[in-house]
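Asker: One structure, as structure tokens, below. Some questions next.
Protein chains: 2
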Amino acid sequence: MATELMAQEARALLQQAQGRVTPTRVEVLSILLGAKAALSHQEIEQLAVQQGYSFDRVTLYRTLDWLVEQGVAHKVNSADRAWRYNAQTETPHQHAHFHCRQCEQVFCLEQLQPALLVSLPAGYALEQVELNLHGYCPACSIKHAG
Amino acid sequence: MATELMAQEARALLQQAQGRVTPTRVEVLSILLGAKAALSHQEIEQLAVQQGYSFDRVTLYRTLDWLVEQGVAHKVNSADRAWRYNAQTETPHQHAHFHCRQCEQVFCLEQLQPALLVSLPAGYALEQVELNLHGYCPACSIKHAG
DNA sequence: CAATATTTTGCAACTATATTGCATTTTCCT
DNA sequence: AGGAAAATGCAATATAGTTGCAAAATATTG
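These protein sequence lines map, in sequence, to chains A and B. Going by the numbering used here, the first residue of the first sequence is number 1, and it counts up by one from there. Going by the numbering used here, the first residue of the second sequence is number 147, and it counts up by one from there.
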């Protein structure tokens with residue numbers, strides 16, 4: 001597990017944020033940095049415990065909110081009514097999310113550009129485009145197809 | 147209020163569904179038919195009360211689920227972690243949703259085609275595309291701009 | 001039209017996610 | 001090291017949605 005590396009990167013990112021670099025924040029951000037998919041609060045809590053760290057649920061919520069506010073993480077709304085979070089290392093850009101129907105994980109697709117024909121009706125002020133793809137992720141596709 | 151017309155249309159649609167045409171179902175569907183935006187369970191309940199009709203929360207949830215199942219309504223996941231529903235009179239097609247940041251309403255944009263460049267990484271099995279646009283709806287844009 | 005079977009509804013209790021207020025602890029700065 | 005400000009933990013609460021079961025409504029059959 002490259003936990004220590006992630007922790008270092010996390011600390012570096014937090015250095016630039018408006019606020020304190022606390023163990024909880026380092027832990028949470030390094031978990032997000034090490035994840036391949038967007039994580040729910042529960043998944044994060046579990047991973048933290050696995051790494052010998054624990055914190056209150058409320059603290060986690062607040063930490064995640066703060067990370068989003070600071071621009072180092074972002075929030076995805078998934079079908080099971082739970083927010084999922086992942087680290088946002090690069091500049092905020094429009095990227096798509098792939099929601100797996102089997103394992104319910106949410107993957108960020110950085111390279112997918114929604115070259116959409118924005119022929120929005122008059123009057124709407126567009127601020128952000130959110131593209132969600134639903135289906136089966138590579139791992140689940142294999143199990144599915146057999 | 148064109149309630150009676152909506153109720154008639156609702157009854158016609160329900161006639162074709164697999165199940166009973168009950169007052170609750172007619173009421174809920176006609177509310178959805180009369181709405182310009184996707185409605186939350188709370189908004190539906192309120193509108194029903196305004197029209198002199200009331201039902202249990204659970205019944206509403208079940209009714210909405212059933213309407214979706216029957217293909218006469220569809221479900222949208224919005225930012226406030228509440229499902230929103232609207233009538234689906236036409237054939238199910240991929241359409242975009244506009245989420246207003248001010249009034250939190252969700253509008254269906256039937257005409258908007260997400261001509262997206264689907265260059266999905268290998269392994270992903272795409273089943274559905276969900277396009278959400280965030281910003282300010284016409285009514286709120288006006289208030290916003292002054 | 002009455003009896004019966006089936007579906008739908010209402011009630012109560014429950015689950016899960018998330019939030020709020022406040023006291024305590026930790027962190028940062030000098 | 002000391003003190004101000006920020007972060008955390010705990011308890012309580014809000015909100016969305018679900019489940020089981022009994023009662024009511026609707027449809028079906030004799």
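Beta carbons: idealized from backbone N, C-alpha and C, even for Gly.
Starting from Phe-98/A, follow its DSSP beta bridges and name the residues at the other end.
Answerer: Phe-107/A and Leu-133/A
Asker: Give a yes or no on whether 8 Å exceeds the smallest Cβ distance from Arg-57/A to chain B.
Answerer: Taking Cβ atoms only, chain B never reaches closer than 8 Å to Arg-57/A, which makes this a no.
Asker: Who does Lys-376/B pair with in a DSSP beta bridge?
Answerer: Only positions 147 to 292 of chain B appear in this structure, which leaves residue 376/B out of reach.
Asker: Am I right that Leu-160/B and Leu-175/B are in contact with their C-beta atoms under 8 Å? What's the rounded C-beta distance?
Answerer: 6 Å
Asker: Identify the contact partners of Asn-132/A in chain B, using a Cβ-Cβ distance below 9 Å as the criterion.
Answerer: Asn-223, Gln-274, Val-275, Glu-276, Leu-277 and Asn-278
Asker: Spatial neighbours of Glu-9/A within its chain, please: C-beta separation below 6 Å, excluding the five flanking residues on both sides.
Answerer: Leu-33
Asker: Does the distance from the C-beta atom of Ala-73/A to that of Leu-64/A stay below 8 Å?
Answerer: yes
Asker: State the Cα-Cα distance for the pair His-95/A and Leu-151/B, rounded to the nearest angstrom.
Answerer: 43 Å
Asker: How about Ser-141/A: is its C-beta nearer than 8 Å to some C-beta of chain B?
Answerer: yes
Asker: Suppose you measure from the CA of Val-106/A to the CA of Ser-78/A; what does that come to, to the nearest Å?
Answerer: Distance from the CA of Val-106/A to the CA of Ser-78/A, rounded to the nearest whole angstrom, comes to 8 Å.
Asker: State yes or no: is the beta carbon of Cys-103/A nearer than 8 Å to at least one beta carbon in chain B?
Answerer: Cys-103/A has a beta carbon lying at 8 Å or more from every beta carbon in chain B.
Asker: Which residues in chain B sit within 8 Å of Gly-135/A, going by Cβ to Cβ distance?
Answerer: Tyr-270, Ala-271, Leu-272, Glu-273 and Gln-274
Asker: Assuming Ala-271/B and Ser-141/A make a contact with CB atoms under 8 Å, what is their CB distance in whole Å?
Answerer: 5 Å
Asker: Over what stretch of residues does the alpha helix (DSSP H) that includes Leu-5/A continue unbroken?
Answerer: 3-15
Asker: Does Leu-160/B come within less than 8 Å of chain A when only Cβ atoms are used?
Answerer: Not an interface residue.
Asker: Expressed to the nearest angstrom, what Euclidean distance is found between the alpha-carbon atoms of Lys-143/A and Cys-137/A?
Answerer: Taking the straight line joining both Cα atoms gives about 10 Å.
Asker: Is Ala-184/B closer than 8 Å to Cys-249/B when the C-beta atoms are compared?
Answerer: no
Asker: With C-beta atoms as the reference, is Ala-48/A less than 8 Å away from Ile-31/A?
Answerer: For the 8 Å CB-CB criterion, Ala-48/A and Ile-31/A form a contact.
Asker: Report the option in Ala-181/B, Gln-162/B and Ser-200/B whose CA atom is closest to the CA atom of Tyr-231/B.
Answerer: Ala-181/B
Asker: When the Cα atoms are used, what is the spatial distance from Gln-192/B to Ala-139/A?
Answerer: 44 Å
Asker: Using DSSP with H/G/I as helix, E/B as strand and the rest coil, what is Leu-206/B?
Answerer: helix
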